[in-house]
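Colleague: Per our numbering, residue 80 is the first one in the sequence shown, and the count goes up by one each step.
The beta carbon of each residue, even a glycine, is placed where N, CA and C say it ideally should be.
The structure presented is a predicted model; accordingly, all values stated were derived computationally and were not measured.
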Amino acid sequence: MKHVHQALRLLLGILWLAPAGVLAQPTSPVLPADTALSLQQCLNVALVNQPLVRQARIDQEITRSTNQIALAGWLPQVGLQGTAQHYFQLPFTIFPDPTTGTLTPRQIGVRNVTTVGLSGTQAIYNNDVLLAARSKRFNNQAAEQSTVNVKISTVSDVSKSFYDVLLAQRQLDVFSQDIARLQRNYRDARARYDTGIADKTEYLQAEVSLNNSLAGRKQAQEAIKARLAYLKQLMGLPPERRLAVQYDTLQLELEASADTAAALNTGNRIELQQLQTQKSLQSLTVDYYRFGFLPSLSAFANYNSVFQNNSASELYRTRFPNSYAGLQLGLPIFTGFRRTQNIRRARLQTNRLDEDITNTRNQINTEYATALANYKGYYTQYVLGKRNLEASKEVYNVINLQYREGIRAYIDLIVAQTTLRTSQLNYYTALFQLLSSKVDLLRARGELPTEY
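(1) From this set, Tyr242, Phe167, Gln442, Asn344, which residue's C-alpha is nearest Val518's C-alpha?
(2) Hey, could you find the ends of the alpha helix (DSSP H) Thr183 is sitting in?
(3) Go ahead and label Phe167 buried or exposed: buried means 16 or more other beta carbons lie within 10 angstroms of its beta carbon, across all protein chains shown.
(4) Among residues of its own chain, excluding the 5 on either side of Pro184, which ones have a beta-carbon nearer than 6 angstroms to its beta-carbon?
(5) Look at Gly405 and Phe379 and say whether their C-beta atoms are less than 9 angstroms apart.
(6) How far does the alpha helix (DSSP H) with Leu408 in it reach, from first residue to last?
(7) Among the candidates Gln300, Thr328, Thr194, whose CA atom is the shortest distance from the CA of Gln160?
(8) For Arg306, collect the residues of the same chain with a Cβ closer than 7 angstroms to its Cβ; drop the 5 residues on either side in sequence, then sort them by chain order.
(9) Which parts of the stretch 395-473 are runs of the beta strand (DSSP E), unbroken and 3 residues or longer, counting only runs that do not cross its ends?
(10) Provide the residue(s) that pair with Ala202 in DSSP beta bridges, ordered along the chain.
(11) For the beta strand (DSSP E) holding Ala163, just list the boundary residues, first then last.
(12) Mapping DSSP to helix, strand and coil, what is Ser390?
(13) Would you kindly check if the distance between the Cβ of Asn264 and the Cβ of Ile490 is under 9 angstroms?
(14) Compare the beta carbon distance of Gln250 and Gly315 with 9 angstroms and say whether it is the shorter of the two.
(15) Sorted by chain position, which residues of the same chain lie with C-beta nearer than 7 angstroms to Ala509's C-beta, five sequence neighbours on each side aside?
(16) Could you give the uninterrupted runs of the alpha helix (DSSP H) lying entirely in the stretch 257-318, keeping only those of 4 residues or more?
(17) Measuring straight from C-alpha to C-alpha, what distance separates Asp267 and Thr529?
(18) Mind checking if Arg418 is an interface residue toward chain C, Cβ cutoff 9 angstroms exclusive?
(19) Name the two residues that bound the continuous alpha helix (DSSP H) containing Asp138.
(20) Check the C-beta distance from Thr118 over to Ser238 and give it rounded, since I have them as a contact under 8 angstroms.
(21) Out of Lys358, Val208, Ser390, Gly188, which has the shortest C-alpha to C-alpha gap to Asn146?
(22) Is Ile173 helix, strand or coil by DSSP?
(23) Excluding sequence positions up to five away, which residues of its chain have a Cβ less than 8 angstroms from the Cβ of Thr181?
(24) Among Tyr403, Arg369, Thr345, which has the Cα closest to the Cα of Thr437?
(25) For Tyr507, count neighbouring C-beta atoms within 10 Å of its own C-beta (all shown protein chains included) and say buried if the count is 16 or more, exposed if not.
(26) Can you name, in chain order, every residue of its own chain whose Cβ lies under 6 angstroms from the Cβ of Ile137, other than the five neighbours on each side?
(27) Determine whether the beta carbon atoms of Gln139 and Thr226 lie at a separation below 9 angstroms.
(28) Which residues in the same chain have their Cβ closer than 8 angstroms to the Cβ of Tyr454, if we skip the five residues on either side of it in sequence?
(29) Which stretch, first to last residue, makes up the alpha helix (DSSP H) that contains Asp338?
(30) Evaluate Gln230 with the Cβ neighbour count: other Cβ atoms within 10 Å of its Cβ, from every protein chain shown; 16 or more gives buried, anything less gives exposed.
(31) Around the C-beta of Val613, are 16 or more other C-beta atoms found within 10 angstroms, so that it is buried, or is it exposed?
(32) In angstroms with no decimal places, state the Cα-to-Cα distance between Ile187 and Asn389.
(33) Does the stretch 353-368 come within contact of the stretch 423-431, defined as at least 3 CB pairs closer than 8 angstroms?
(34) Give me, in chain order, the residues of the same chain whose beta-carbon lies closer than 6 angstroms to that of Tyr382; leave out the 5 immediate sequence neighbours on both sides.
(35) So for Ser240, helix, strand or coil by DSSP?
(36) Would you give the residue range spanned by the alpha helix (DSSP H) that Phe511 belongs to?
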């Protein structure tokens, strides 16, 4: 007996913990507040914390519960009913007198009646529960695909937002380096003017260039704040959480390359997979209406305990039980052509899904062509921008040396500095645009990873 009690306690404990296990969400990776995060770490946090991803996981659990509710019709349905009634006036009926044949009214029944009944039904065949059983797999599949679709959008948005933050940081670095050069040039030009070697225009030009770079640096600083706030939103982090990002420029350059010769397989796109799942569910709906003429069959059983007595105090002294079982058959004969119209509507909805699939394939081809064209264009900008950056650095170093030796005019140095800054900004802009366009290209192919 002791072992039985222990087993019952264990079973109750498992049942108590089961709902908590079903609803449990993945826990976010624990990261120190001041740690700079890489792109992979940002994606890991986003795929756990992002509210839309968490909602999609909850929707999956809701779908599973909905399936179980629909499938409950296959299990026995057992119920307990009880009624208690008291007659203030007993009903009369007419009885013939056995000797004279005269019809005489008499009261029938008892004043107090209590009935306790236990009933059970079992579905043997039912079109509704059959549809629930057949559609369970596709309902779960649709919920999983919806979660994958949300995760793809999250990975895409977080990746591009991460690159936007890096671009703003690199722009800040470029302006900071440019300001350091211009401040030195401004001091030199002012000293040359004070000693009478150069006229006033040199240091004024230096001041104008310096002010422009100071304004650019301020814009980059504010852009970093705004883009970090947006990145935290996409990652599902609270606004007060400090966030810093880290990266390796060389690694980013290696990751920027993509195979532009790979063929497009539209079957990889989650949008098309979702439509295929909807079509499968719609086919089941067509079958549901097609077989709607079939009868429903169920078994039932009842057990009743009846207590009757004219005196309430003596009511429960005697019990009159009865029990029975049987089969119930339901056959729809004429429903006003509802079934045929439902079939027609379901088939039209299937045809509409076919058109959606065709249209989605065309959209996917257009998205892929656009993403591929953008990637190739940004890749050319990146390659040429890298060459221009190297040439600009070399030109600036030579002209700066010649200016220090008095061979070149100050205007040549200003032009070289401006060209160098522009080349740096263009290079980093092209690099991060290339990385963002690669994300769009992988998403258009249906190859963007969602597990990290």
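Modeller: Working from what's here:
(1) Indexing the sequence shown from 1 puts residue 518 at position 439. Of the candidates Tyr242, Phe167, Gln442, Asn344, the one whose C-alpha sits nearest the C-alpha of Val518 is Tyr242.
(2) Here the question's residue 183 lines up with position 104 in the sequence shown. Note, Thr183: premise wrong, no alpha helix (DSSP H); beta strand (DSSP E) at 182-186.
(3) Locating residue 167 in the sequence shown gives position 88, counting from the first residue. Flag for Phe167 reads exposed.
(4) On the sequence shown, position 105 is the one that residue 184 refers to. Correct list, in chain order: Phe171, Ile173.
(5) One-based indexing of the sequence shown puts residue 405 at position 326. One-based indexing of the sequence shown puts residue 379 at position 300. Remark: C-beta atoms of Gly405 and Phe379 approach each other more closely than 9 angstroms.
(6) Indexing the sequence shown from 1 puts residue 408 at position 329. Looking at the DSSP string, Leu408 is not in any alpha helix (DSSP H); the run it does join, the beta strand (DSSP E), is 399-409.
(7) By 1-based counting over the sequence shown, the position of residue 160 is 81. Among Gln300, Thr328, Thr194, the Cα nearest to that of Gln160 belongs to Thr194.
(8) By one-based count along the sequence shown, residue 306 stands at place 227. Counting only Cβ-Cβ distances below 7 angstroms, and skipping sequence neighbours, we find Ser240, Asp243, Val244, Ala247.
(9) 399-409
(10) As a first step, residue 202 is located in the sequence shown; it is residue number 123 there, counting from the start. For Ala202, which the question treats as bridged, DSSP gives the partners Ser377.
(11) In the sequence shown, residue 163 corresponds to position 84, counting from 1. Its beta strand (DSSP E) spans residues 156-165.
(12) Position 311 of the sequence shown holds residue 390. Coil, per DSSP.
(13) The residue labelled residue 490 in the question sits at position 411 within the sequence shown. The residue labelled residue 264 in the question sits at position 185 within the sequence shown. Contact flag unset, no.
(14) Position 171 of the sequence shown, counted from the start, is the residue given in the question as residue 250. Position 236 of the sequence shown, counted from the start, is the residue given in the question as residue 315. For Gln250 and Gly315, no; Cβs fall outside 9 angstroms.
(15) For the purposes of this step, residue 509 is identified with residue 430 of the sequence shown, where counting begins at 1. Tyr457, Gln460, Tyr461, Gly464, listed in sequence order.
(16) 279-314
(17) Position 188 of the sequence shown, counting from 1, holds the residue named residue 267. Position 450 of the sequence shown, counting from 1, holds the residue named residue 529. Rounded to the nearest angstrom, the two C-alpha atoms are 55 angstroms apart.
(18) Among the protein chains of the structure shown there is no chain C, as only one such chain exists.
(19) Working through the sequence shown from its first residue, we reach residue 138 at position 59. First-last of the alpha helix (DSSP H) with Asp138: 130-150.
(20) Looking up residue 118 in the sequence shown gives position 39. Looking up residue 238 in the sequence shown gives position 159. Reading off the sequence, residue 118 comes out as Leu, not Thr. About 6 angstroms separates the two Cβ atoms, so the contact holds.
(21) Start at 1 with the first residue of the sequence shown, and residue 146 comes out as number 67. Ranking Lys358, Val208, Ser390, Gly188 by Cα distance to Asn146 puts Val208 first.
(22) Along the sequence shown, one-based indexing puts residue 173 at 94. Ile173 falls in the strand class under three-state DSSP.
(23) As a position in the sequence shown, residue 181 is number 102, starting the count at 1. Pro175.
(24) The count along the sequence shown starts at 1 and reaches residue 437 at position 358. Among Tyr403, Arg369, Thr345, the Cα nearest to that of Thr437 belongs to Thr345.
(25) Working through the sequence shown from its first residue, we reach residue 507 at position 428. With 16 or more other CB atoms across the displayed protein chains lying within 10 angstroms of its CB, Tyr507 is buried.
(26) Reading the sequence shown from its first residue, position 58 is the one you call residue 137. Closer than 6 angstroms at the Cβ level, and outside the excluded window around Ile137, lies no residue.
(27) Position 60 of the sequence shown, counted from the start, is the residue given in the question as residue 139. Position 147 of the sequence shown, counted from the start, is the residue given in the question as residue 226. Closer than 9 angstroms, so yes.
(28) For this step, residue 454 is matched to residue 375 along the sequence shown. Correct list, in chain order: Ala337, Thr339, Leu513, Ser516, Lys517, Asp519, Leu520.
(29) In the sequence shown, counting from the first residue as 1, residue 338 sits at position 259. Element bounds for Asp338: n/a, residue is neither H nor E.
(30) Position 151 of the sequence shown holds residue 230. First, the residue type needs correcting, since residue 230 is Lys and not Gln in the sequence shown. That one is buried.
(31) Here the chain has residues from 80 to 531 only, and residue 613 is not among them.
(32) Taking the sequence shown and counting its residues from 1, one reaches residue 187 at position 108. Taking the sequence shown and counting its residues from 1, one reaches residue 389 at position 310. Taking the straight line joining both Cα atoms gives about 11 angstroms.
(33) yes
(34) As a working note, residue 382 is residue 303 in the sequence shown. Excluding positions up to five away in sequence, the list reads Leu197, Ser402.
(35) By 1-based counting over the sequence shown, the position of residue 240 is 161. Ser240 falls in the helix class under three-state DSSP.
(36) The sequence position of residue 511 within the sequence shown is 432, counting from 1. Run containing Phe511: 489-524, per the alpha helix (DSSP H) assignment.
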